[in-house]
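Sequential numbering of the sequence shown, starting at 1, is according to full-length UniProt numbering.
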Amino acid sequence: MLRAVDHPDHNLLTFIINGPISRADYDQVVPVLEQKIARWNKVNVCVEVRRFDGISLRALWEEIRQDIKHYKDFNRVAIVTAESALVNAAVGLGTSLTPALIKHFSPAQKQSAEDWARGQAV
Numbered sequence: 001m002l003r004a005v006d007h008p009d010h011n012l013l014t015f016i017i018n019g020p021i022s023r024a025d026y027d028q029v030v031p032v033l034e035q036k037i038a039r040w041n042k043v044n045v046c047v048e049v050r051r052f053d054g055i056s057l058r059a060l061w062e063e064i065r066q067d068i069k070h071y072k073d074f075n076r077v078a079i080v081t082a083e084s085a086l087v088n089a090a091v092g093l094g095t096s097l098t099p100a101l102i103k104h105f106s107p108a109q110k111q112s113a114e115d116w117a118r119g120q121a122v
């Protein structure tokens, strides 16, 4: 499941991943993302990975489409998940593929991740 949590008064959008991600999840989150970009131009994001049980091929295709469409629309991306070699590799790869700043945080640092994503000192 992929869910978007808007912070209406702040340039921050939180995506929560908790289980498998389907194409239907994108039907719910993309409009929220589009509204946020329309208001703030470049959006700050916090991605909280609670549990990831895979992604369907249709959802993966939609992810790629959205990444291409919004290539320059992200300012900061905080990734909140347990430390792992895969996460470190993904953050490193993401940093080279996007102009956004990307930083990893542990689950205990969720508030720091949101503060950093908003551009506040951490």
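Just so it is clear, CB atoms sit at the ideal spot from N, CA and C, and this is done for glycine as well.
The DSSP-derived three-state label of K42 is coil. Shown here, A24 sits in a helix according to DSSP, grouped into three states.
With 16 or more other Cβ atoms from the protein chains shown falling within 10 Å of its own Cβ, W116 counts as buried.
Here I55 has I21 as same chain residues with Cβ atoms under 6 Å from its own Cβ, once five neighbours each way along the sequence are excluded. Nearest Cα to H7 within the set N41, L57, C46: C46. The continuous alpha helix (DSSP H) containing D115 extends over residues 110–118. The residues D6, N11, L13, V43, in chain order, have a CB closer than 8 Å to that of K36 in the same chain once the five nearest residues on each side in sequence are set aside. Around E62, the same chain offers R23, Y26 as residues with beta carbons nearer than 7 Å, after the five sequence neighbours per side are excluded. Ranked by Cα distance from E114, the options V77, L57, D9, A82 are led by V77.
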